[in-house]
Each structure stands twice: as structure tokens, then as C-alpha cells.
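Enquirer: Numbering (full-length UniProt numbering) for the sequence shown: 1 to 246. Ideal Cβ placement from N, Cα and C applies to all residues, glycine included. Here's a structure for you.
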Amino acid sequence: MTYRRALLALIFGGVFFLGLLVFAPASLMGYALERASGKTLSLAQTTGSLWQGSGVVLLRQHARFQTLGNYRWQLRLADASLQVQAEEHPPMSMRYLPFSRKIAIDDIQLDLPASMLEIAAPQLGPYQLQGMLDVHGQHLTLDISGMDGQLTVEWAHAASALSEIRPLGDYRIVLQGKGSTVDGQLTTLSGKLQLSANGTYDSASGLRLNGTAQAAPGDSAMELNELLHHIGPEVSPGVFALALMP
1 MTYRRALLAL IFGGVFFLGL LVFAPASLMG YALERASGKT LSLAQTTGSL
51 WQGSGVVLLR QHARFQTLGN YRWQLRLADA SLQVQAEEHP PMSMRYLPFS
101 RKIAIDDIQL DLPASMLEIA APQLGPYQLQ GMLDVHGQHL TLDISGMDGQ
151 LTVEWAHAAS ALSEIRPLGD YRIVLQGKGS TVDGQLTTLS GKLQLSANGT
201 YDSASGLRLN GTAQAAPGDS AMELNELLHH IGPEVSPGVF ALALMP
């Protein structure tokens with residue numbers, strides 16, 4: 001009799017646990033996102049289930065929340081992957097690699113506000129950067145030490161609260177992950193403010209960036225004079241040092 005009761009309890013418990021998994025609410029994905037990001041990111045307006053759902057990703061910054069857009073996800077048991085779709089972009093694929101303890105991400109495509117740059121470089125906070133970041137890459141791996149792979153960031157309609165010029169320009173940032181360090185290169189695509197710089201980031205010491213800033217040929221020099229002097233000292237006529245240190 002005891003064996004039969006134990007067997008029934010085991011079956012009931014298994015069915016109950018399976019039911020919890022099948023009907024797990026989408027809010028559990030929000031809980032997982034908060035835990036993984038140290039409460040920097042969260043999910044709101046979640047619908048669906050843990051296995052297939054959607055929600056609005058929020059960024060906690062300076063004691064307030066900023067919307068990062070609508071995301072949809074689907075957990076696939078067949079290939080142990082998480083498909084994530086940002087807005088109307090094609091879905092990205094995320095897989096956990098247990099033997100190497102890494103997360104592999106393919107077909108990366110994200111639209112983010114320029115204020116996200118302040119997370120990597122808090123020194124940029126006073127500039128109150130504006131515009132949109134188009135982040136894309138083919139393959140990336142993440143682990144506890146850092147990332148491997150290349151990301152390209154197109155910064156469109158860049159602006160700053162320190163200048164009335166809208167926009168200042170369009171820029172490209174190429175990031176190359178090498179484990180615990182990430183090398184970056186900043187170039188100007190177009191605009192009145194010409195920026196060029198190289199930098200390195202690691203979690204221990206933060207971001208180091210060195211380069212130059214100058215006005216594009218024409219009437220931009222007078223318009224940008226105050227901003228350029230705020231960026232750094234003039235190292236040669238019309239050319240100003242652009243430097244960020246930890």
C-alpha cells in the first residue's frame with residue numbers, strides 16, 4: 001500500500017511539475033531577465049507563456065525606466081535554442097553551450113537608444129547622448145569573462161544636450177570581442193562633427209578611448225566651438241583631443 005501511494009504521489013508530482021512548465025507564464029521570462037542583468041533590464045506588458053510570448057523591455061537608468069522596444073521570444077526544445085525577435089527584425093537565435101559554458105548568439109539585430117552607451121562609459125553621462133543605435137552582427141559568444149565576435153553599431157542622428165545642432169552626424173562603431181577585452185573603432189559616416197577614435201574596454205578597468213574631434217569644413221566650426229572645447233583640449237588648429245579614461 002505504501003509503495004502504491006508513493007508511486008501515485010510521484011506520478012501526480014510529475015504531472016503537476018509538467019503542467020507548471022507547459023503553462024508557465026511569460027512573466028517568468030521577465031524574472032529571468034532581471035536576474036541575469038542584475039535588475040538593469042526588465043520586462044513589462046508580458047503576454048503568452050514562458051515558451052512563446054512577448055513583452056516590452058525596459059532599461060533602468062538613473063532611477064528611471066527607458067523603453068527599449070517590443071520583443072517576442074520562442075523557446076525551442078528541439079535544438080535547445082531561444083529565438084528572440086526585436087520589433088520587426090528577423091529573429092536572433094540564442095543557444096547555451098554547456099561544455100564551454102558559453103551563450104552563442106546568431107543573426108544579431110537590435111535598435112537601441114544612444115543612452116545605452118553610458119552603460120559601457122559612465123563618463124559620457126554629462127553629454128546626454130541622443131539618437132538611435134542599429135546594432136548588428138552575425139555571430140557572438142558570451143561567457144562570464146567577456147565576449148568573442150564582432151558587432152557593428154551604426155549611430156544615426158547623433159545629438160547631445162550640450163549642443164543645439166540636430167543632428168551632429170552619423171557614426172559607425174566596430175566592436176571586436178577578444179574574451180575579457182573588447183577593442184573598438186569609431187569613425188564618422190557624415191555630419192558636422194567629425195569623430196575618429198580607437199578604444200579598449202574590459203570589465204576590470206572600464207573604457208579607454210583616444211582620438212580626435214573636429215568640425216567638418218564649412219560653417220560648422222563656429223557652431224561647434226563650445227562643444228569641441230568641452231570634449232577636450234585643442235591639440236592642433238581646429239582639432240581637439242577626444243579621450244575617455246576609467
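1) Enumerate in chain order the residues of its own chain whose CB-to-CB distance from Leu21 is below 6 Å, with the five nearest sequence positions on each side excluded.
2) Between which two residues does the beta strand (DSSP E) holding Glu88 run?
3) Can you tell me which of Pro91, His62, Leu129 and Ser145 puts its alpha carbon nearest to the alpha carbon of Ser180?
4) Going along the chain, which residues of its own chain have a beta-carbon closer than 6 Å to the beta-carbon of Glu234, five neighbours each way excluded?
5) Check Glu154 in the structure and name its three-state DSSP category.
6) Under 7 Å Cβ to Cβ from Gly131, same chain only, skipping five residues before and after it: list those, please.
7) Hey, quick one: how far does the alpha helix (DSSP H) through Ile119 stretch, first residue to last?
8) DSSP three-state call for Ala213: helix, strand or coil?
9) List the endpoints of the continuous alpha helix (DSSP H) containing Ala161.
10) Taking 7 Å as the limit between beta carbons, can you name the residues of its chain near Gly137, skipping five residues before and five after?
11) Assuming Leu112 contacts Val84 (C-beta within less than 8 Å), just tell me the rounded distance between them.
12) Which one of Gly69, His62, Leu189 and His230 has the shortest CA to CA distance from Leu43?
13) Check the DSSP bridge columns for Gly69 and list the partner residues they point to.
14) Would you mind reading off the limits of the beta strand (DSSP E) that contains Ser42?
15) Can you round the beta-carbon distance between Gln185 and Ala216 to whole angstroms, since I take them to be within the 8 Å contact cut?
16) Hey, quick one: how far does the beta strand (DSSP E) through Leu168 stretch, first residue to last?
17) I need the straight-line Cα distance from Gln214 to Ala221, nearest angstrom please.
18) Sort Leu140, Met245, Ala36 and Leu82 by Cα distance to Ser207 and report the nearest one.
19) So Thr188 and Gly169 are supposed to be a Cβ contact under 8 Å. How far apart are they, rounded?
Expert: On the basis of the data shown:
1) As a working note, residue 21 is residue 21 in the sequence shown. Confidence is the limiting factor: at Leu21 the pLDDT is only 46, short of 50, which leaves the residue's position unreliable and the question unanswerable from this model.
2) Residue numbering aside, residue 88 sits at position 88 when the sequence shown is read from its first letter. Unbroken run through Glu88: none, as it is neither H nor E.
3) As a working note, residue 180 is residue 180 in the sequence shown. Of the candidates Pro91, His62, Leu129 and Ser145, the one whose C-alpha sits nearest the C-alpha of Ser180 is Ser145.
4) Your numbering for residue 234 matches position 234 in the sequence shown. Excluding positions up to five away in sequence, the list reads Phe240.
5) Within the sequence shown, the letter at position 154 stands for residue 154. In this structure, Glu154 counts as strand in the three-state DSSP scheme.
6) Your numbering for residue 131 matches position 131 in the sequence shown. Hits under 7 Å: Ala114, Trp155, Ala156, His157, Ala158, Ala159 and Pro167.
7) The residue labelled residue 119 in the question sits at position 119 within the sequence shown. Run containing Ile119: Leu117 to Ala120, per the alpha helix (DSSP H) assignment.
8) Here the question's residue 213 lines up with position 213 in the sequence shown. Correct three-state label for Ala213: strand.
9) As a working mapping, residue 161 is identified with position 161 in the sequence shown. Looking at the DSSP string, Ala161 is not in any alpha helix (DSSP H), and its letter there is neither H nor E.
10) Position 137 of the sequence shown, counted from the start, is the residue given in the question as residue 137. Around Gly137, the same chain offers Ile108, Gly149, Gln150, Leu151 and Thr152 as residues with beta carbons nearer than 7 Å, after the five sequence neighbours per side are excluded.
11) Sequence index remark: in the sequence shown, residue 112 carries index 112 (1-based). Sequence index remark: in the sequence shown, residue 84 carries index 84 (1-based). Not really, about 14 Å apart at Cβ, beyond 8 Å.
12) Working through the sequence shown from its first residue, we reach residue 43 at position 43. In terms of CA proximity to Leu43, Gly69 leads the group Gly69, His62, Leu189 and His230.
13) As a first step, residue 69 is located in the sequence shown; it is residue number 69 there, counting from the start. Answer by DSSP bridge pairing, in chain order: Val57.
14) As a position in the sequence shown, residue 42 is number 42, starting the count at 1. Residues Leu41 to Gly48.
15) The residue given as residue 185 occupies position 185 in the sequence shown. The residue given as residue 216 occupies position 216 in the sequence shown. Their Cβ separation, rounded to whole angstroms, is 20 Å, which puts Gln185 and Ala216 out of contact at 8 Å.
16) As a position in the sequence shown, residue 168 is number 168, starting the count at 1. Neither: Leu168 is in no beta strand (DSSP E) and is coded neither H nor E.
17) What you label residue 214 is simply residue 214 of the sequence shown in a count that begins at 1. What you label residue 221 is simply residue 221 of the sequence shown in a count that begins at 1. Whole-angstrom Cα-Cα distance: 8 Å.
18) As a first step, residue 207 is located in the sequence shown; it is residue number 207 there, counting from the start. Residue 207 is actually Leu in this sequence, not Ser. Comparing Cα-Cα distances from Leu207 to each of Leu140, Met245, Ala36 and Leu82, the minimum goes to Met245.
19) Reading the sequence shown from its first residue, position 188 is the one you call residue 188. Reading the sequence shown from its first residue, position 169 is the one you call residue 169. Right, the Cβ-Cβ distance comes to about 6 Å (below 8 Å), so this counts as a contact.
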